[in-house]
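Peer 1: Mind looking over this structure? Questions follow.
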Amino acid sequence: MFNSLLPLIVILVLLLAIVAAIKIFMKQKAQGEQTYPYEKEPALFSPAEHSFLGVLEQVINNRYRLMGKIRLADIVKVKNGLSKSEWQNAFNKIQSKHVDLVACDPTTLSVLFVIELDDKTHKQSKTQNRDKFVDNVMRTAGIPIVHFTAKNSYSLQEIEGILLQAGVLVKS
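This is the structure in structure tokens:
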């Protein structure tokens, strides 16, 4: 009886070995291919940011070119004269933070001032610490920063008044 089962056992062992080999091959192939776990954001700006931007563009009336979601490291740089580790530490602090809007000269694209739209998260201590850091970086670099409170709607007069008061807008 064992002799009659032997070919069946051999076939079963071979099938299991083939299945195991296929699984190993597929796993190695999957590990060799990079996966990109990303998807498109529905919009660059939140609805509040988009609403604010629309009114702000009317206020500035092409006097500035606005750029959105700009990294601090793209508008300020770490000063020369630091050790390599000091430089890297300072750069690390600015490389992953961004500001909401940057107003640039329309011809040269030099940075003129920065706008932050503060929503309810800016009342949290972690965000307040981040805001203080960004404000200090901007002050040190000589770039004015203007904060606006996020809300459902904005008036031209309100935004213009705040920009005039901050000294970053000249009435036309």
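If you're matching positions, the sequence shown starts at 785 in our numbering and goes up one per residue.
Ideal Cβ positions, reconstructed from N, Cα and C, are used throughout, including at glycine.
A quick note: this is a predicted structure, and the numbers were derived from the prediction, not measured.
(1) Note the first and the last residue of the continuous alpha helix (DSSP H) segment covering Leu-828.
(2) Note down the Cα distance separating Ser-909 from Val-803, rounded to an integer number of angstroms.
(3) Is it buried or exposed, Val-930, if we count other Cβ atoms within 10 angstroms and call 16 or more buried?
(4) Assess contact between the stretch 912-926 and the stretch 878-897, defined as three or more Cβ pairs (one per stretch) separated by less than 8 Å. Is contact present?
(5) Decide if the stretch 931-950 is in contact with the stretch 900-907; the criterion is three or more beta carbon pairs, one per stretch, under 8 Å apart.
(6) Please tell me whether Ile-943 and Leu-840 are closer than 9 Å, where the distance is taken between their beta carbons.
(7) Can you tell me whether DSSP reads Glu-942 as helix, strand or coil?
(8) Determine the closest residue to Ala-827 out of Ser-835, Asp-889 and Tyr-820, with distance taken between C-alpha atoms.
(9) Flag this pair as touching only if the stretch 850-859 and the stretch 944-951 have three or more C-beta atom pairs under 8 Å; answer yes or no.
(10) So Thr-933 is in the beta strand (DSSP E); what residue range does that whole segment cover?
(11) Quick check on the DSSP output: the beta strand (DSSP E) that includes Asp-902 runs from which residue to which?
(12) Tell me, which residues are paired with Gly-852 by DSSP?
(13) Going along the chain, which residues of its own chain have a beta-carbon closer than 7 Å to the beta-carbon of Gly-945, five neighbours each way excluded?
(14) Out of Val-886, Lys-824, Asn-913 and Ile-793, which has the shortest C-alpha to C-alpha gap to Ala-857?
(15) What three-state label does DSSP hand Leu-866 in the structure shown?
(16) On the three-state DSSP scale, how would you describe Gln-949?
Peer 2: Answer, in terms of the structure:
(1) On the sequence shown, position 44 is the one that residue 828 refers to. Looking at the DSSP string, Leu-828 is not in any alpha helix (DSSP H), and its letter there is neither H nor E.
(2) Taking the first residue of the sequence shown as 1, we reach residue 909 at position 125. Taking the first residue of the sequence shown as 1, we reach residue 803 at position 19. One C-alpha to the other measures close to 56 Å.
(3) The residue given as residue 930 occupies position 146 in the sequence shown. Val-930 comes out buried.
(4) yes
(5) yes
(6) For the purposes of this step, residue 943 is taken as residue 159 along the sequence shown, with counting starting at 1. For the purposes of this step, residue 840 is taken as residue 56 along the sequence shown, with counting starting at 1. Cβ atoms of Ile-943 and Leu-840: closer than 9 Å.
(7) Your numbering for residue 942 matches position 158 in the sequence shown. If DSSP states are grouped into helix, strand and coil, Glu-942 belongs with the helices.
(8) The residue labelled residue 827 in the question sits at position 43 within the sequence shown. Taking Ala-827 as reference, the option from Ser-835, Asp-889 and Tyr-820 with the minimal CA-CA separation is Ser-835.
(9) no
(10) What you label residue 933 is simply residue 149 of the sequence shown in a count that begins at 1. That run of the beta strand (DSSP E) goes 929-933.
(11) For this step, residue 902 is matched to residue 118 along the sequence shown. Looking at the DSSP string, the run of the beta strand (DSSP E) that includes Asp-902 is 895-902.
(12) Locating residue 852 in the sequence shown gives position 68, counting from the first residue. Partner(s): Leu-885.
(13) Your numbering for residue 945 matches position 161 in the sequence shown. Nothing meets the Cβ criterion.
(14) Position 73 of the sequence shown, counted from the start, is the residue given in the question as residue 857. With distances taken between Cα atoms, Ala-857 lies closest to Val-886.
(15) Within the sequence shown, residue 866 is the residue found at index 82, counting from 1. Three-state result, Leu-866: coil.
(16) Translated into positions along the sequence shown, residue 949 becomes position 165. Correct three-state label for Gln-949: helix.
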